[in-house]
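Each remark here refers to the structure printed beneath this line.
In this note's numbering, the protein residues as written are 827 to 1193.
Given below as structure tokens:
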């Protein structure tokens, strides 16, 4: 049996439907991220679990007990907010101790617990400091320690790193994962940052318009997106609209070019599909003539330096592509160079377009 279950949760604010019957289940000790763009309903879901809001319908069950109508203070949830929400007139130690004092624990036990938690989050030296004397990353560590102090059944984190700079974000997300793993605490994490979600989670649930589009492991979400939205939102994806020519051989036609992709095997002749290709799977070579099997041609429009790889935008007559190449090769593929992009036979993903209207050329998603 799942430890935490959200069953058919619905919540609307007037005409705006924030949650449209979502179902999420988590095992004890699991780290699950709700990932999606602003306004998709992920924070609303977290607030319902915390008890700060009530669903219009549906239920929230933890360890077999329905807590949908239970008050927040009886749910044993630890919450970490985006804006830290520390008490400015209390020291780091006093902030962490606050929940334990409310529960009237013994003073010696409280102090021992506070000291342990501050050490756990790397702030054993800063217990006497006030929030204004701490950096943003340190304040968020105090907030995390405060949420863990009451030994919650579930830890809830609402965009906890979005107010921090890039380097601190990476450091702190690794610390959160380390602490979560060490304590074995069930954790529900809300973020709009797909890199963040993929790097720390056991499972990721992508949300859009109040619904769960797909749930899976980070690897599954990246390599096998189930919908065009997930394909675009998780990483960068080339989307090639195509027509199946032969389901036995995997042959499709895209923009007048015949391609063979294993993912098209078994598809019905004449079916409209979307061939999804990650930028790192495209192999480029400089060529003024073009041509060749399983290739698309175009001209290098832009370079975007990403460290060990450089992202190239390729503009063709019918198709725009995004390709990642080793930075050491970029000099051989300058802006304006005509190139051939080899589409891999294996490693692509195929989705059915059904009766959806054609949208023109593929639109690579933004990272």
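Every residue, glycine too, gets a C-beta built ideally from N, C-alpha and C. All values derive from a computational prediction rather than experimental measurement.
Note on geometry: alpha-carbon atoms of residue 1025 and residue 1087 lie some 30 Å from one another.
Within a 10 Å sphere around the beta-carbon of residue 985 sit 16 or more other beta-carbons, which makes this residue buried.
Assigned with DSSP and collapsed to three states, residue 977 falls in coil, not helix or strand. Taking 8 Å as the upper bound for CB-CB distance, residue 1070 and residue 1122 are not in contact here, some 18 Å apart. Judged by DSSP in its simplified three-state form, residue 903 adopts strand.
Rounded to the nearest whole angstrom, the CA to CA distance from residue 1117 to residue 1082 is 13 Å.
Counting only runs of at least 3 residues, the segment 860-917 fully encloses the following beta strand (DSSP E) elements, listed from N- to C-terminal order: 883-888 and 903-906.
In terms of Cα proximity to residue 1073, the closest of 838, 1095, 930 and 884 is 1095.
Just measuring C-alpha positions, the residue of 904, 945 and 942 sitting nearest residue 925 is 904. For residue 1048, the enclosing alpha helix (DSSP H) stretches over residues 1044-1049. A contact between stretches requires three or more CB pairs, one per stretch, nearer than 8 Å, and the segment 841-850 meets this requirement with the segment 1024-1039. The straight-line gap separating the alpha-carbon atoms of residue 1056 and residue 861 is approximately 10 Å. With fewer than 16 other CB atoms across the displayed protein chains lying within 10 angstroms of its CB, residue 1158 is exposed.
When 837, 1172 and 957 are compared, the shortest CA-CA separation from residue 880 is found for 837. Going by DSSP, residue 1140 is part of the beta strand (DSSP E) stretching over 1135-1141.
With the rule of 3 Cβ pairs closer than 8 Å, the segment 949-960 does not count as touching the segment 881-890.
Spatial neighbours of residue 946 in its own chain (CB-CB distance under 8 Å, excluding positions within 5 residues in sequence) are listed in chain order as 971, 974, 1005 and 1008. Looking at the backbone, the Cα of residue 1147 and that of residue 1141 are separated by about 7 Å. The C-beta distance from residue 953 to residue 917 rounds to 7 Å, short enough to meet the 8 Å contact threshold. Annotated as distal: residue 1126 and residue 1108, with beta-carbon spacing of 8 Å or more.
Boundaries of the beta strand (DSSP E) harbouring residue 836: 830-839, taken from the DSSP string.
A direct Cα-Cα distance of roughly 25 Å separates residue 1101 from residue 1029.
Note that the C-beta distance between residue 940 and residue 922 is below 8 Å. When secondary structure is reduced to three states using DSSP, residue 1032 falls in the strand class.
Note: residue 1149 is bridge-paired with 1138 in the DSSP secondary-structure output. At least 8 Å separates the beta-carbon of residue 1058 from that of residue 1068. In the three-state reduction of the DSSP assignment, residue 1083 falls in the strand class. A Cβ-Cβ distance of about 7 Å is found for the pair residue 888 and residue 829, placing them in contact under the 8 Å criterion.
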